[in-house]
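Number of protein chains: 2
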Amino acid sequence: MTPTELTASVAVAGEGRRSRARRGEGGRLREDILAAAEELLLKSGDADSLSIRAIANAVGVTPPSIYLHFADRNELVFEVCDRKWRELASLLDAAVAGLSDPLERIERRGRAYAEFGITHPEHYRVLLGGRADEIPEKHADQALLTDRLGFGPLVADLTEAMDGGQLARSDPWELCRVLFFAIHGLTSMLVRGSGPDWPSPERLVERMIDTLMWGIRPRPA
Amino acid sequence: MTPTELTASVAVAGEGRRSRARRGEGGRLREDILAAAEELLLKSGDADSLSIRAIANAVGVTPPSIYLHFADRNELVFEVCDRKWRELASLLDAAVAGLSDPLERIERRGRAYAEFGITHPEHYRVLLGGRADEIPEKHADQALLTDRLGFGPLVADLTEAMDGGQLARSDPWELCRVLFFAIHGLTSMLVRGSGPDWPSPERLVERMIDTLMWGIRPRPA
DNA sequence: TGTACATCAGTGAACGCGCGTTCACTGATGTAC
DNA sequence: TGTACATCAGTGAACGCGCGTTCACTGATGTAC
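Residue numbers (the working numbering), protein chains in the order written: chain R, 17 to 237; chain L, 17 to 237.
Pasting the structure below:
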């Protein structure tokens with residue numbers, strides 16, 4: 017088998033040719049494309065593998081069909097990321113549901129965030145591990161942090177804690193970013209894969225959260 | 017001018033054809049290649065732009081010549097990164113030269129690290145911003161942290177501070193990683209580019225360092 | 001109830017691109033006799 | 001001192017690859033008369 021033949025047969029494989037949608041149900045393909053893209057991401061963990069061709073093949077459709085539903089590759093990748101961001105955001109919300117102590121809520125959010133990365137490294141890498149310029153502009157700026165990460169709730173908790181005297185008074189947005197950066201650094205390194213003699217991810221998460229929570233407490237005059 | 021002609025003329029541009037090295041001075045080209053690669057990195061800030069062809073063009077040489085000095089692209093990129101890591105390591109050492117208080121040394125290292133990222137965002141992105149798999153295996157594991165980042169000195173300072181009672185006793189390697197992760201998270205986000213209404217990088221750096229330094233102090237029983 | 005027709009969901013082939021890498025070569029440089 | 005020769009530093013053309021995207025098309029599906 018020549019390399020060319022091999023490639024051809026692989027291209028034919030995928031999921032087999034997909035049956036054409038009924039009239040008016042063209043939108044179904046859009047969903048299937050996004051689902052296939054996410055699956056590809058899971059297998060490879062690399063946004064570069066989200067090629068139009070690979071996705072089309074996985075869905076069982078030809079590349080041009082993608083353009084019936086997305087203007088270009090950028091838009092497709094953006095949509096995939098957008099969904100993941102929302103998923104993460106609601107996961108964070110779920111993690112603090114029912115908790116009323118703001119400090120505890122802050123802590124839980126951090127923990128849940130790191131755990132999302134640890135359990136979905138491929139997705140995390142796509143969300144924040146890549147180059148910024150491969151993400152459409154909408155993602156590149158502040159909107160990323162406020163809209164996507166849902167910083168609002170965290171800032172609210174920080175403010176509440178400050179009001180209650182559990183935290184030294186300061187700019188909550190600034191503090192919010194610092195906390196996020198720290199947790200993101202931890203997560204992104206864990207997602208990169210830890211070395212053989214590293215402490216367990218759990219230990220590192222605990223230690224980071226512990227350090228941060230102490231670091232932001234009110235200080236003796 | 018057709019696109020093809022344009023490409024051709026651009027290819028001819030670069031730095032002009034380079035004169036051939038004298039007998040025995042073939043190694044000169046190796047240096048020039050690395051220098052050109054670094055320059056390309058500065059312009060684009062993206063390891064993907066380190067293509068064999070782009071580098072060859074910048075040096076004023078044809079692509080195959082690169083292979084006289086590097087086995088493949090991976091080796092070249094590795095060497096470029098390796099040099100940057102050493103640069104950063106010695107920069108960190110310089111930042112604490114003459115300081116004897118271990119806590120102060122720890123703080124200064126963190127600050128210097130973040131500043132390196134802020135002033136050399138393109139380089140930082142190449143060192144830690146990319147995908148792990150684009151970096152040769154040597155870089156991917158623990159060796160990265162110990163050899164490249166020179167964690168030894170930081171661990172030494174942490175240990176000294178623990179011995180002096182300035183820090184609660186704990187595994188210094190674990191703490192070392194946590195501190196690095198936090199500073200890395202900060203740096204990598206700043207390097208990504210900050211949004212319009214962000215606090216200044218300097219403020220964020222101060223705040224992060226301040227939080228961490230408080231977080232690791234001994235705690236009241 | 002039957003048929004012409006517009007619409008819709010795709011297809012197939014091709015475009016030009018830049019890439020890493022290989023291969024057979026060239027021609028200047030230095031060295032041995 | 002002159003010349004044949006080995007070596008060394010490169011060149012030029014080509015390889016096959018996968019990519020995003022475009023374009024003219026096809027053929028099933030539903031609808032209007």
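The beta-carbon is built from N, C-alpha and C at its ideal position, and this holds for glycine as well.
Determine, using beta carbons only, whether residue i and residue j come nearer to each other than 8 angstroms.
| i | j | result |
| --- | --- | --- |
| residue 174/R | residue 191/R | yes |
| residue 120/R | residue 61/R | no |
| residue 170/L | residue 125/L | yes |
| residue 207/R | residue 141/R | yes |
| residue 53/L | residue 71/L | yes |
| residue 194/R | residue 224/L | yes |
| residue 66/R | residue 57/R | yes |
| residue 205/R | residue 132/L | no |
| residue 42/L | residue 92/L | no |
| residue 69/L | residue 79/L | yes |
| residue 199/R | residue 130/R | yes |
| residue 118/R | residue 181/R | no |
| residue 215/L | residue 134/L | no |
Would residue i pass as an interface residue toward chain L - the criterion being a Cβ-Cβ separation below 8 angstroms?
| i | result |
| --- | --- |
| residue 234/R | no |
| residue 178/R | no |
| residue 181/R | no |
| residue 76/R | no |
| residue 35/R | no |
| residue 204/R | yes |
Does residue i come within less than 8 angstroms of chain R when only Cβ atoms are used?
| i | result |
| --- | --- |
| residue 158/L | Confidence in residue 158/L is poor, its pLDDT being 49 and thus under 50, which makes the residue's placement too unreliable to answer from. |
| residue 70/L | no |
| residue 200/L | yes |
| residue 194/L | yes |
| residue 197/L | yes |
| residue 190/L | yes |
| residue 231/L | yes |
| residue 81/L | no |
Give every residue of the same chain whose Cβ lies closer than 6 angstroms to the Cβ of residue i, excluding the five residues on either side of it in the sequence, and list them in chain order.
| i | result |
| --- | --- |
| residue 77/L | 34 |
| residue 100/L | 139 and 143 |
| residue 48/R | 75 |
| residue 185/R | 178 |
| residue 158/L | Confidence at residue 158/L is low in this model, with a pLDDT of 49, below 50, so its placement is unreliable and no value can be given for it. |
| residue 122/L | 173 |
| residue 106/R | none |
| residue 108/L | 125 and 128 |
| residue 164/R | 101 |
| residue 19/R | The pLDDT assigned to residue 19/R is 34, lower than 50, so where the model puts this residue is not dependable; a value taken from the coordinates is nonetheless given after this. Closer than 6 angstroms at Cβ, skipping near neighbours: no residue. |
Given residue i, which residues of its chain have a CB within under 7 angstroms of its CB, disregarding the five upstream and five downstream residues?
| i | result |
| --- | --- |
| residue 46/R | 85 |
| residue 37/L | 44 and 45 |
| residue 115/R | 121 and 124 |
| residue 176/L | 118 |
| residue 112/L | 121, 124 and 125 |
| residue 104/L | 132 |
Leaving out the 5 sequence neighbours to the left and right, which residues in its chain are closer than 8 angstroms to residue i when beta-carbon positions are compared?
| i | result |
| --- | --- |
| residue 234/R | 181, 182, 183 and 184 |
| residue 292/R | In the structure as shown, chain R begins at 17 and stops at 237. Residue 292/R is therefore absent and cannot be evaluated. |
| residue 24/L | Bear in mind that a pLDDT of 33 at residue 24/L, under 50, signals an unreliable position, so the number given afterwards is only what the model happens to contain. So the list is empty, once near-sequence residues are dropped. |
Could you name the residues of the stretch 209-227 of chain R whose beta carbon sits closer than 9 angstroms to any beta carbon of chain L, in the order they occur along the chain?
Flagged, chain order: 209, 210, 211, 212, 213, 214, 215, 219, 220, 223, 224, 226 and 227.
Restricting to runs no shorter than 3 residues, where is the beta strand (DSSP E) found entirely within the stretch 29-59 of chain R?
Runs of the beta strand (DSSP E) inside the stretch 29-59 of chain R: none found.
Quick check on the DSSP output: what are the complete alpha helix (DSSP H) runs of length 4 or more inside the stretch 165-216 of chain L, in order along the chain?
Listed in chain order, the complete alpha helix (DSSP H) runs (minimum 4 residues) inside the stretch 165-216 of chain L are 167-179 and 188-208.
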